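Heads up: the sequence shown is residues 57 to 225, going by our numbering. Have a look at the structure below before the remarks.
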Amino acid sequence: MIVALKLSLSQSWAGYAILGQDLGMSMSEVHAAIRRLVESQLYDVESNHVRRRRLFEFVIHGLPVVYPARPKDVTRGVPTAWAAPVLANTPLAEIAKGDDLPPVWSDPDGQVRGREVEPLYFSAPAASKKDPELYALLALVDAVRFGRARERKMAEQELEKRLVPHGSS
């Protein structure tokens with residue numbers, strides 16, 4: 057999933073090595089991920105582009121079932137879901153602040169104390185530091201994975217804007 061999200065941000069194919077380097081994955085892991093994306097019809101090899109509408113639909117309807125997440129122990133880390141910058145300045149963040157500690161991906165360099173959430177891929181926190189747009193997508197996906205109805209709805213709206221710009225497929 058992290059490969060699909062990263063590919064959805066790029067306009068051109070960079071190659072397995074560069075994609076792997078950006079995501080903290082080996083070339084063989086990237087190749088296998090793209091093969092799975094092709095098999096699931098989320099990636100079109102002829103155009104070398106993610107099928108953005110299908111990806112959006114899978115994130116909304118399939119990902120919470122396939123990759124569920126639940127906040128766990130308290131740790132230091134990188135804020136995700138509604139605590140991440142992409143949703144931090146929304147009314148939702150104000151509502152969520154009073155609930156509990158924010159959700160975070162565990163990271164030894166993290167500055168936020170919160171409840172640990174397992175990221176989609178172990179290298180997501182490091183990859184997010186390199187790419188703010190990828191960080192935004194991953195945080196929105198986390199809001200869909202384990203958020204309540206309000207968080208899910210706001211994340212879905214923002215994901216649709218980012219993944220399926222008007223007129224794309």
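For glycine and all other residues, C-beta sits at the position ideal for the given N, C-alpha and C. Treat the numbers as computed from the prediction; the structure is a model and nothing was measured.
Is residue i helix, strand or coil when you go by DSSP?
| i | result |
| --- | --- |
| Pro135 | strand |
| Glu172 | strand |
| Asp100 | strand |
| Pro181 | helix |
| Pro141 | helix |
| Val106 | strand |
| Val220 | coil |
| Pro159 | strand |
| Met210 | helix |
| Arg204 | coil |
| Asp78 | helix |
| Ala192 | helix |
| Ser84 | helix |
| Asp198 | helix |
| Ala60 | helix |
| Ala70 | coil |
Name the DSSP beta bridge partners of residue i, please?
| i | result |
| --- | --- |
| Asp165 | DSSP output for Asp165 lists no bridge partner at all. |
| Ala122 | The question names Ala, but residue 122 is Val in the sequence shown. DSSP output for Val122 lists no bridge partner at all. |
| Val130 | Arg171 |
Only counting the same chain, and skipping five residues up and downstream in sequence, which positions put a Cβ closer than 8 angstroms to that of residue i?
| i | result |
| --- | --- |
| Leu193 | Leu61, Ser64, Leu65, Leu215, Arg218, Leu219 |
| Glu212 | Ile116, Val200 |
| Val197 | Met57, Leu61, Val115, Leu119, Leu176, Ala211, Leu215 |
Please return the same chain residues whose Cβ sits closer than 6 angstroms to the Cβ of residue i, not counting the five positions on each side in sequence.
| i | result |
| --- | --- |
| Ala140 | Ala195 |
| Tyr191 | Ser184 |
| Leu93 | Ala60, Tyr99 |
Relative to the C-alpha of residue i, which residue among the options is closest?
| i | options | result |
| --- | --- | --- |
| Gly203 | Glu189, His105, Trp138, Leu190 | Trp138 |
| Asp129 | Gln97, Val101, Ser162 | Ser162 |
| Gly71 | Met57, His87, Ile58 | His87 |
| Gln167 | Arg132, Asp198, Ile58 | Arg132 |
| Arg113 | His105, Val101, Gln97 | For clarity, residue 113 is Glu in the given sequence; the question names Arg instead. Among His105, Val101, Gln97, the Cα nearest to that of Glu113 belongs to Gln97. |
| Ser103 | Trp69, Glu207, Ser84, Val134 | Trp69 |
Short of 7 angstroms in beta carbon distance, which residues of its chain neighbour residue i, apart from the five on each side in sequence? Order them along the chain.
| i | result |
| --- | --- |
| Glu174 | Ala125 |
| Ser107 | Just to set this straight, residue 107 is Arg in the shown sequence, not Ser. Same-chain partners within the cutoff: Gln97, Leu98, Tyr99, Asp100, Ser225. |
Taking 8 angstroms as the threshold (beta carbon to beta carbon), is residue i in contact with chain B?
| i | result |
| --- | --- |
| Leu61 | No chain B is present in this structure, which holds just one protein chain. |
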